[in-house]
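Remember, the working numbering sits 16 above the position in the sequence shown when you count from 1. These notes are about the structure you will find just below.
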Amino acid sequence: MPEFTFKIIPEPYPRDEYGNPHTTVREVQVFRGDSTQPVQSLEDCELSDMEAPRRGSEWFRAVDMNFDGYKDIYILTSWGATGNESGCVWLYDPESSRFEFSKDFGELDRFTLDPATKTIVTHSNGGMVGTVFRATKYLIEDNRPVAIATVAQDWDF
C-alpha cells in the first residue's frame, strides 16, 4: 500500500462565550507519497454539520474498519456528553487506490473493533446514567456491517 498524507483544511468559527475555539473540517485532501498535488478529496460526508471535536479526542484516525488489511479513514463528526459518537468513514479500495465513502460504516455508533473475531461492537447511551442503551455486534459481509446481535435496554415506570 502506498504511503498517504492527509491535509486537513479547517473551517474556523468564532470563539464561544468562554473563549473556546470551535474549528471543524472544511475539506480533507489526500496525497500519495511525495506528491505535492492531492490525488483525492474525501467527499460525501456532511462536514458542514460537524461539531468541533472535544479536546484530546481521536477525531481523525486510520483504522481497518472492514478487516481487509488496509487502513480506512474515520472522522468524528458528532459527540455527546453521554459518550455517544458518530462519524464518517472512507474505506480504502486497493484496486482504485482511493478512499471510498461508506454510508453503512458511517451509520455506526461509537465502536470497538475486534480484529481477532473480525467483529465491530457499537454502543450508544440513551441516558438514565447508562441504564438506557443499545449495543450491537456486527460481522462484515460484502464490505458492509451486518448486525448479528443487539442488546437494548430501556426504562419504564
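For every residue, glycine included, the Cβ atom is placed at its ideal position computed from N, Cα and C. All of these numbers come straight from a predicted model, not from anything done at the bench.
DSSP lists 91 as the bridge partner or partners of residue 104. When DSSP states are grouped into helix, strand and coil, residue 172 belongs to the coil group. In the DSSP assignment, residue 115 falls within the beta strand (DSSP E) that extends over 114-117. In this structure, residue 160 lies away from residue 139, with their beta-carbon atoms at least 8 Å apart. Distance between residue 39 and residue 66, taken at the CA atoms: about 10 Å. Between the region 52-68 and the region 105-123, the count of Cβ pairs shorter than 8 Å is three or higher; the stretches touch. Here residue 42 is not near residue 62, since their CB atoms are 8 Å or more apart.
Each of 94, 21, 71, 29 was checked against the Cα of residue 88, and the nearest Cα belongs to 21.
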